[in-house]
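In the working numbering, the protein residues as written are 291 to 502. Every residue gets a Cβ at the ideal spot worked out from N, C-alpha and C, and that includes glycine. Notes follow the structure.
Put into structure tokens, the structure is as follows:
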């Protein structure tokens, strides 16, 4: 089951993107699908959502895989991307190529622009599938982290880090083990933050082994 979080993909747009609220969305959806307890995987922001789900309802999560994120607050790194996306003029007939050109000033990496442009619906009435205004307003929550008081998750957890990424640092392991005492760690040496794109085969092998 692949879930699009609120303000992402085809999911509804909604104000408020606390990790407690998004974890509630995930657990409510999986419960409605009779898919609990689950084996839960999350990458980046989704990894924080997955961690929060396990911490708030540990009995609902049989095992957890967290991809290249730690339970810590991060500095504002992505706000320029949001500003660039919101600045794209959504004129009728907008093409993906034109939107790509409009993003180049703020988003230098072609691979990152390609990732962002997956959320663009071009054509006669172009629009972003992302709830950009809602995400922009929630960035302090998304960048932050606050675990439930006294919570931990004793089940099996694998943290998968990119060898070329800075999102899981050696100094984060204490914070990880305080919440996830059974945590194990794997590093994909050839990958950056986008593990599944940078090293799809390596990520799939690690993920399969962890879930089975």
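Taking C-beta separations shorter than 8 Å and ignoring five residues to either side along the sequence, the partners of residue 371 in its chain run 396, 397, 402, 406, following chain order. In the three-state reduction of the DSSP assignment, residue 347 falls in the coil class, being assigned neither a helical nor a strand state.
When secondary structure is reduced to three states using DSSP, residue 310 falls in the helix class. Under the DSSP definition of a beta bridge, residue 473 partners with 447.
DSSP places residue 403 outside any beta strand (DSSP E); the residue lies instead in the alpha helix (DSSP H), whose first and last residues are 400–407. Remark: C-beta atoms of residue 311 and residue 326 do not approach each other more closely than 9 Å. Counting the other Cβ atoms within 10 Å of the Cβ of residue 451 gives 16 or more, which makes it buried.
Within the stretch 351–378, the beta strand (DSSP E) runs of at least 3 residues that lie entirely inside it are, in chain order, 351–357. For residue 333, the enclosing beta strand (DSSP E) covers residues 328–333.
Looking at the DSSP output, residue 417 sits in a beta bridge with 411. Per DSSP, the unbroken alpha helix (DSSP H) holding residue 497 starts and ends at 490–501. According to the DSSP secondary-structure assignment, residue 452 is paired through a beta bridge with 478. The three-state secondary structure of residue 295, taken from DSSP, is coil.
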